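Reading through the structure tokens given below for one structure.
Protein chains in written order, with our numbering: chain A, 1 to 413; chain B, 1 to 413.
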């Protein structure tokens, strides 16, 4: 857990809270009703940048474009151009040309050199990106760039999200203050065609790309990659991290600052990731799954993810059913070697203590009414002890409700 | 596909259609309302026997018992004792003792030597098996053993199945007729706590255990293992195959008979597997997924299963939404190396011809109304061509409806 006491949350913080970043948004007519649907984030100076991307074999054009650009110029990024409503995925060579055109429109609109803008798209798969419309939106967004624009950008990338997601924190290092901010939109199991998780993190700290990339990977594994994913990994999932150095502080200079900085990044990423889970359409419950006593952290995470994506577990949670057998069965199907007679499953009571549901792989015979009352809460914390080692992992998810099915069954084209 | 012309279906066929098998069932009071809940299958002579079992790390006591017995005496099996309503899973050492007591009760009731009866249980996890009740039920079932009892046994093992599942076929070999029969109950994604697939196949052909086991594995991979599994692999999944040799015919004697015999077993297993998919509670559609052009059959199967377990694909199918992007995205997440620009997705039209939805990984722009009319049918056939090789696989599934969630959210203990 983060030593959050050293982190100062910034009210209404976002990607523009760190020094030297501005953002703007516009309504390009992709969404109906004049809603914001295009956004532009710009840094005053070149950024070190890194990204984590979908592992889906079918990657959308903006993912391919960004991976290529970050491979070539990870120290020269100035902007991120974003749009909602059209994912520019499964669009072939035309789609890649459209992603390039979108980046160029952003660079021209903001007066930036070529090949300095990354792109993010989310929305329906298989529909061509309306390049002219998006380009016009980016020109309008560029005219509105401001240091208060991050929250607006968070609103523009919403699809079926019901709330924009943004936050920022400041830390005081011996060499001066550093700020880390971020925006994100909903993901995974929760949101239909627009099932994409998009996130942008920014900081005014100074870091090299070679330091930034592994840091982002570590943080994403414990935050964005630890929220419910159901196998429906999106073609567009992307989290970008831009560091412009405007604060003049280099966290890499001393170990304590480096640690504090990583905690700040972790805090922002975790806040955004949990906001995505809480905003699941159709979701009625927030569920934390702790897997402890694992031989390795990877094993703990696999087991946690298997539980989080189990339809039987998620429907039981929706029904407030303390059906612990489903949790053990889901864990057993994770592909991790388990010893059933060592398994213990606990659930957090209202007072924070733990109630054992199963011990030694068999029922711990709690009072059914007691367990049921706990499972009827809006937030549920489960702890599964594998009894095999000392590694652990945390995964967050939501329940599966009939509303989820109804939302996803609707005709979307 | 099977050369079904040589197979003669037997009306109302089941595990007791092959010579030398009898079965009986009883109401032991595990289910309410006096419904059949215990069954016993007996062979007049020793059987070669084989089983395929759940790959879940948390295996139920009857699975552990059967694996042990089949390892020790694969040529000496005489009976299968079955019960519904209590899975005897996550029950620890007591559960294993209960499985042993259940087998012994069956052996004593049917006058068989010790260690000749296999056991199958299905139902709620984590509840002790009521051994006395099950034993009394087995004694009643033994008193009712008859060559017409297979259908009754199929009814006794139903949990939330709405129909019993049983069938049999006869083949004429140069050395005489052979019969293959089977019973099964529902599975997987479809059925909540009682999410177990149980199947029993019988034949009066003569085979050695060493031949029977790999044959069952091959057949199961293309039938029971090819129907929708959502990661919620049950703790109890089991398919048993008993061959008592009563026909005096040895299919292994000539290649043509061996091939015809395997087709017969495949036909029975496929008929039962598809009956399970069609009987999915909450399911409104039957979906066949053909994956062709794969580098290996394993790769084809992985891709097919990834599509079949995708909640986004299944909800789109429920909604009659020709949302092909979700199918490509699910395929991309299967963990198989794909080349997106080679992907083609087709759907079978009402007249049996194919309509291309996507080609080269991008939209094939069919008329939306045309595609929608096809997706509104009760049976949908999808064909995904990976464009990478000549291997293929077939997977069957059903859609995901709000009823599924409601059924699974109900309190079950």
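Note that beta-carbon positions come from the ideal geometry of N, C-alpha and C, so glycine has one too. These figures come from a predicted structure and were not determined experimentally.
Same chain only: Cβ atoms within 6 Å of residue i, ignoring 5 sequence neighbours per side
| i | result |
| --- | --- |
| residue 13(B) | 167, 168 and 181 |
| residue 47(B) | 77, 242, 243 and 244 |
| residue 292(B) | 385 and 392 |
| residue 44(A) | 20 |
| residue 152(B) | 25 |
| residue 9(A) | 169 |
Beta-carbon spacing of residue i, residue j below 8 Å
| i | j | result |
| --- | --- | --- |
| residue 196(B) | residue 23(B) | no |
| residue 159(A) | residue 98(A) | no |
| residue 391(B) | residue 299(B) | yes |
| residue 117(A) | residue 103(A) | yes |
| residue 334(A) | residue 288(A) | no |
| residue 52(B) | residue 79(B) | no |
| residue 282(A) | residue 401(A) | yes |
| residue 112(A) | residue 82(A) | no |
| residue 201(A) | residue 239(A) | yes |
| residue 234(A) | residue 408(A) | no |
| residue 317(B) | residue 328(B) | no |
| residue 89(B) | residue 70(B) | no |
| residue 373(B) | residue 366(B) | no |
| residue 105(A) | residue 75(A) | no |
| residue 137(B) | residue 28(B) | yes |
| residue 375(B) | residue 304(B) | no |
| residue 279(A) | residue 186(A) | yes |
| residue 363(A) | residue 236(A) | no |
| residue 203(B) | residue 227(B) | no |
| residue 340(A) | residue 325(A) | no |
Inter-residue Cα distance where the pair is residue i and residue j
| i | j | result |
| --- | --- | --- |
| residue 192(A) | residue 209(A) | At residue 192(A) the pLDDT is 39, less than 50, meaning the model places this residue with poor confidence; the figure from the coordinates comes in the next sentence. Looking at the two C-alpha atoms, the distance is approximately 34 Å. |
| residue 247(B) | residue 285(B) | 40 Å |
| residue 37(A) | residue 128(A) | 16 Å |
| residue 396(A) | residue 277(A) | 7 Å |
| residue 91(B) | residue 59(B) | 10 Å |
| residue 31(A) | residue 348(B) | 33 Å |
| residue 380(A) | residue 331(B) | 32 Å |
| residue 216(A) | residue 387(B) | 35 Å |
| residue 16(B) | residue 110(B) | 16 Å |
| residue 145(B) | residue 161(B) | 24 Å |
| residue 394(B) | residue 314(B) | 17 Å |
| residue 231(B) | residue 258(B) | Its pLDDT being 48, under 50, residue 231(B) is placed unreliably by the model, and nothing is read from it. |
| residue 218(B) | residue 269(B) | 11 Å |
| residue 205(A) | residue 351(A) | 40 Å |
| residue 336(B) | residue 54(A) | 14 Å |
| residue 148(A) | residue 142(A) | 13 Å |
| residue 307(A) | residue 338(B) | 27 Å |
| residue 211(A) | residue 249(A) | 14 Å |
| residue 155(A) | residue 33(B) | 57 Å |
| residue 39(B) | residue 131(B) | 14 Å |
| residue 150(A) | residue 163(A) | 14 Å |
| residue 256(A) | residue 322(B) | 54 Å |
| residue 369(B) | residue 124(A) | 18 Å |
| residue 114(A) | residue 221(A) | 32 Å |
| residue 213(A) | residue 67(A) | 12 Å |
For residue i, the residue or residues it bridges with in DSSP
| i | result |
| --- | --- |
| residue 86(A) | 124(A) |
| residue 396(A) | 227(A) and 288(A) |
| residue 354(A) | 348(A) |
| residue 339(B) | Paired residues: none, contrary to the question. |
| residue 41(B) | 23(B) and 80(B) |
| residue 294(A) | 391(A) |
| residue 178(B) | 171(B) |
| residue 359(B) | 362(B) |
| residue 149(B) | Note: residue 149(B) sits in no beta bridge, so no partner. |
| residue 261(B) | Paired residues: none, contrary to the question. |
| residue 202(B) | 181(B) and 242(B) |
Neighbourhood of residue i by C-beta distance below 8 Å, restricted to the same chain and skipping five residues each side
| i | result |
| --- | --- |
| residue 272(A) | 165, 166, 167, 182, 183, 184, 199, 223 and 224 |
| residue 6(B) | 171, 172, 260 and 263 |
| residue 296(B) | 389 and 391 |
Residues near residue i in its chain [Cβ-Cβ closer than 7 Å; skip 5 each side]
| i | result |
| --- | --- |
| residue 96(A) | 61, 64 and 65 |
| residue 140(A) | 26 |
| residue 383(B) | 290, 292, 346 and 354 |
**Asked** Counting Cβ pairs, one atom from each stretch, are 3 or more of them under 8 Å apart for the stretch 168 to 177 of chain A and the stretch 252 to 265 of chain A?
**Response** Look at the beta carbons and you see the stretch 168 to 177 of chain A touching the stretch 252 to 265 of chain A: at least three pairs across the two are nearer than 8 Å.
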